[in-house]
Amino acid sequence: MKGSEEEEEFDCENCGACCRCFPIFAVEIDAEREPRIRKAGVRCDDFLGEEGKVAYRLFPLFRKEACVFLKEDQLCRIYETRPDACRRFEPGGEQCRQARRRVGVIGRAS
0 MKGSEEEEEF
10 DCENCGACCR
20 CFPIFAVEID
30 AEREPRIRKA
40 GVRCDDFLGE
50 EGKVAYRLFP
60 LFRKEACVFL
70 KEDQLCRIYE
80 TRPDACRRFE
90 PGGEQCRQAR
100 RRVGVIGRAS
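Laid out in structure tokens, this is it:
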């Protein structure tokens with residue numbers, strides 16, 4: 000169906016929906032690139048059951064709070080050095096559309 004949500008192309012609108020709807024974990028390589036991750040994130044030892052693997056949870060309460068690096072203007076405080084998980088997130092992809100629906104961004108006038 001032409002004009003359906005599935006056919007629409009989305010670019011990043013800097014709405015911050017992705018930073019408010021999904022748990023965000025940074026791994027050690029991310030923390031090496033951006034040292035503030037170690038201070039702001041909650042350390043998780045043996046991440047994903049892998050002994051010795053460390054990660055940092057940047058999303059304090061799932062679906063209750065935003066990533067610790069999301070600013071009031073909905074922009075990322077560490078965008079240039081953001082975690083790989085954030086770099087892989089596809090603007091306009093299914094997860095993006097899901098996040099936008101949750102926060103009420105889809106369907107609003109631009």
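Going left to right, the sequence shown walks through residues 0 to 109 as numbering that gives the first Met the number 0 numbers them. Glycine included, each C-beta is placed from N, C-alpha and C at the ideal position.
1) Residues in its own chain within less than 7 angstroms of Asp110 by CB, not counting five upstream and five downstream?
2) Leaving aside the five residues before and after Asn13 along the sequence, list all residues of the same chain whose C-beta is less than 7 angstroms from its C-beta, in chain order.
3) Which value, in whole angstroms, describes the spacing of the CA atoms of Arg46 and Phe68?
4) Quick check: what's the CA-CA separation for Glu89 versus Arg96?
5) How about Arg101 and Cys20: do their beta carbons lie closer than 8 angstroms?
6) Under 6 angstroms Cβ to Cβ from Ala16, same chain only, skipping five residues before and after it: list those, please.
7) Tell me the start and end of each unbroken alpha helix (DSSP H) in the stretch 44-93 that is at least 4 residues and wholly inside, in chain order.
8) How many Å lie between Gly40 and Arg87 at the Cα?
9) Alpha carbon to alpha carbon, how far is Arg37 from Phe24?
10) DSSP puts Val102 in a beta bridge; with which residues?
11) Who does Ala39 pair with in a DSSP beta bridge?
In short:
1) This structure cannot speak to residue 110, because the chain is shown only from 0 to 109.
2) Gln73 and Leu74
3) Note that residue 46 is Phe in the sequence shown, not Arg. Between Phe46 and Phe68, the C-alpha separation is close to 21 angstroms.
4) 10 angstroms
5) yes
6) Ala98, Arg99, Val102 and Val104
7) 83-87
8) 19 angstroms
9) 11 angstroms
10) Val102 pairs with nothing; no bridge assigned.
11) DSSP lists no partner for Ala39.
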